[in-house]
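Read through the structure below, which is laid out as structure tokens, and then see the notes.
Residue numbers (the numbering used here): 291 to 583.
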């Protein structure tokens, strides 16, 4: 049976256990963070005492890049999504630059390298019709994303970001300023080797919308419902996957009455419940893993 190293122990790992074992692939959790690792131990450093043999392939490069590099060096295995694929999708500005260069429509965006002076911030704000969206360059689940309706509010948010960057020695001190697309429908599209294998629409409950919420992240209370995508939206998601060349990819689309754009991508997308994917999903996942072994 093919031995698969999985560097996260969350929903995706739980949901892949039975379907992949039925297809000759044995997923095993690899703990790479919040532990100590003997550098001469090789594969055994990441194996429980009762496990034998070596891993054949890894699913997605570990979340923390430094500790992941240690695991990568000791395990010496290929990954379905390796370090380069993760980096290509990790920083939102870099992702949008790749997509824009490839002709894939994205939101109007400006990357701000913090700290910078107020004139540069004013210039960034004045390129948009407010409100504007401000988001850190490398967070997920909507963490730190804010909306500013006027210049003073925008500069205040930038002040807070400057304080965070000053006291926490973050690895990335940039952030994005983007156009706000009111009323946009929010889709997460899953792709394997550049082909759509399922999609969900993420939607806040009506009472949340009425109270002023606007971020359609599931971790912020939105509900994800499986949908059959319009062919044009499928093609857009596939163009994004082709441009980024990432085998296992989630693509986030924002769709208004007259536009559709790729808002973000995720090279570590969570596997949702099976009802939200097309027939043959697990066969496609198994084939993807086997092709990298």
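Just so you know, even glycine gets a beta-carbon here, dropped at the ideal spot from N, CA and C.
Identified DSSP bridge partners for residue i
{"i": "residue 480", "result": "488 and 540"}
{"i": "residue 350", "result": "371"}
{"i": "residue 513", "result": "493"}
{"i": "residue 424", "result": "436 and 467"}
{"i": "residue 317", "result": "294"}
{"i": "residue 567", "result": "488"}
{"i": "residue 545", "result": "475 and 550"}
{"i": "residue 555", "result": "541"}
{"i": "residue 400", "result": "467"}
Residues of its chain near residue i, where Cβ-Cβ distance is below 7 angstroms and the 5 sequence neighbours each way are ignored
{"i": "residue 470", "result": "421, 422, 423 and 437"}
{"i": "residue 330", "result": "none"}
{"i": "residue 298", "result": "353"}
Whether residue i touches residue j by CB criterion (8 angstroms)
{"i": "residue 320", "j": "residue 296", "result": "yes"}
{"i": "residue 479", "j": "residue 541", "result": "yes"}
{"i": "residue 345", "j": "residue 365", "result": "yes"}
{"i": "residue 383", "j": "residue 401", "result": "yes"}
{"i": "residue 453", "j": "residue 425", "result": "no"}
{"i": "residue 560", "j": "residue 301", "result": "yes"}
{"i": "residue 351", "j": "residue 358", "result": "yes"}
{"i": "residue 545", "j": "residue 517", "result": "no"}
{"i": "residue 361", "j": "residue 391", "result": "no"}
{"i": "residue 441", "j": "residue 408", "result": "no"}
Same chain, Cβ closer than 8 angstroms to residue i, five either side skipped, listed in chain order
{"i": "residue 303", "result": "296, 317 and 319"}
{"i": "residue 394", "result": "526, 529, 530, 533 and 552"}
{"i": "residue 291", "result": "311, 314, 315 and 316"}
{"i": "residue 583", "result": "292, 346, 347 and 368"}
{"i": "residue 522", "result": "550"}
{"i": "residue 573", "result": "313"}
{"i": "residue 343", "result": "293"}
Residue from the options with nearest C-alpha to residue i
{"i": "residue 496", "options": "377, 513 and 347", "result": "513"}
{"i": "residue 305", "options": "582, 583, 581 and 566", "result": "566"}
{"i": "residue 403", "options": "411, 293 and 554", "result": "411"}
{"i": "residue 558", "options": "571, 360, 539 and 547", "result": "539"}
{"i": "residue 564", "options": "414, 419 and 308", "result": "308"}
{"i": "residue 337", "options": "355, 370 and 294", "result": "294"}
{"i": "residue 439", "options": "449, 418 and 543", "result": "418"}
{"i": "residue 580", "options": "324, 385, 370 and 485", "result": "370"}
{"i": "residue 503", "options": "324, 435, 448 and 379", "result": "435"}
{"i": "residue 536", "options": "355, 474 and 485", "result": "485"}
{"i": "residue 463", "options": "475, 474, 448 and 333", "result": "448"}
{"i": "residue 555", "options": "443, 476 and 334", "result": "476"}
{"i": "residue 405", "options": "474, 548, 524 and 450", "result": "450"}
{"i": "residue 324", "options": "333, 334, 332 and 356", "result": "356"}
{"i": "residue 548", "options": "473, 443, 332 and 389", "result": "473"}
Cutoff 6 angstroms; reference residue i; Cβ partners in own chain excluding five residues on either side
{"i": "residue 468", "result": "397, 399 and 423"}
{"i": "residue 381", "result": "427 and 428"}
{"i": "residue 482", "result": "574 and 578"}
{"i": "residue 571", "result": "487"}
{"i": "residue 385", "result": "379 and 555"}
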